[in-house]
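Just below is one structure, and these are the notes that go with it.
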Amino acid sequence: MIRFDNWLVWVAAIIAVGCSCAGEAQELSTYWEGHDFSSLEAFDDIDAAEDKFDGYVDLLTKAAYEEAVAEMTEFLDSAAQNTVAYMVWAGWFEPFLHAKESPYRNDDLFVAYLDKVLEDKVIDDGYMMEHLQNMRDCMSVNREGMPPQELTVRGEDGTEFQLADFKGERTLLLFVDADCPSCLQALSENVKEYKDEKLVAVLVNGSQYHMSNIRAQLPEEVLAHWTFAYCPQGRLETEGLYDTSLMPFRMLVTPEWIIEKTYF
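Our numbering applies: residue 249 is where the sequence shown begins, and numbers increase by one.
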């Protein structure tokens, strides 16, 4: 009788999960029902549009990959009827996908989004298209199971070395901007989260002055856990190699110097 009861519990659980997924799929397929999303005129203000779009992307990230891509493709195809609307919606996909808890640089849905927008060529903004293309290029190399791209940095004493010199230790590479409050917070938070890893903070600002700026703002009990380095060429080089357009950007690397995870 106990086994039978357990069997019933498992069946009930499976049915519940199935119903939940079906519910999400149904909700996604009808999310924009009654709304012409080829324009922004149906919204009273931009904040309302943003909130609704955030809910839509949240459903996309929970859906099966094939379904999510199909929905996203239909959405962008409809939005393409209006260039301004397309630019807004397509532009929002990037930050809203970033905000989800998945490691977006390794996320196939994010790749599909980039490929779609780059292929459509609806956006008439050279800078934005270049940014998206650079991000797509970065995703083709900085992916789980691959070695990080080489980068020459300088330590606090000005000595040059390669990030790959940390090979042999499980390392967290944290790319930060000295003027970014979230980056300073990440330096403190990651000390607790990664107690057993080698912690390396790479400043993209590119000078010892910025390193002094960080030291002036954080307590010694946090600073003592980190090895600091800065990129002499600055943010331009790190963006080209690692897509540090948004920071803090973390890269967890195995002792064999293989990327285990990358995430914002």
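Glycine included, every Cβ here is placed at the ideal spot set by N, Cα and C.
Being a predicted model, the structure only gives us computed values, none of them experimental.
How many angstroms separate the CA atom of lysine 443 from the CA atom of glycine 406? 27 angstroms
Comparing C-alpha positions only, which one of Ser455, Leu435, Val359 and Met320 sits nearest to histidine 473? Leu435
Name the residue from Val439, Phe409, Phe512 and Lys369 whose alpha carbon lies nearest to the alpha carbon of proline 480. Phe409
At what residues does the beta strand (DSSP E) containing glycine 303 begin and finish? Per DSSP, glycine 303 belongs to no beta strand (DSSP E); it is in the alpha helix (DSSP H), 294 to 310.
Quick check: the Cα distance between serine 507 and alanine 316, rounded to an integer number of angstroms? Reading off the sequence, residue 507 comes out as isoleucine, not serine. C-alpha separation (whole angstroms): 26 angstroms.
Could you tell me which residues DSSP pairs with lysine 509 in its beta bridges? Leu500
For aspartate 299 and lysine 348, what's the separation of their Cα atoms in angstroms? 14 angstroms
Extent of the continuous beta strand (DSSP E) to which phenylalanine 423 belongs: 419 to 424
Look at the Cβ atom of arginine 418, then the Cβ atom of glutamate 445, and state whether they are nearer than 7 angstroms. yes
Where do the N-terminal and C-terminal ends of the beta strand (DSSP E) with tyrosine 478 fall, by residue? 474 to 478
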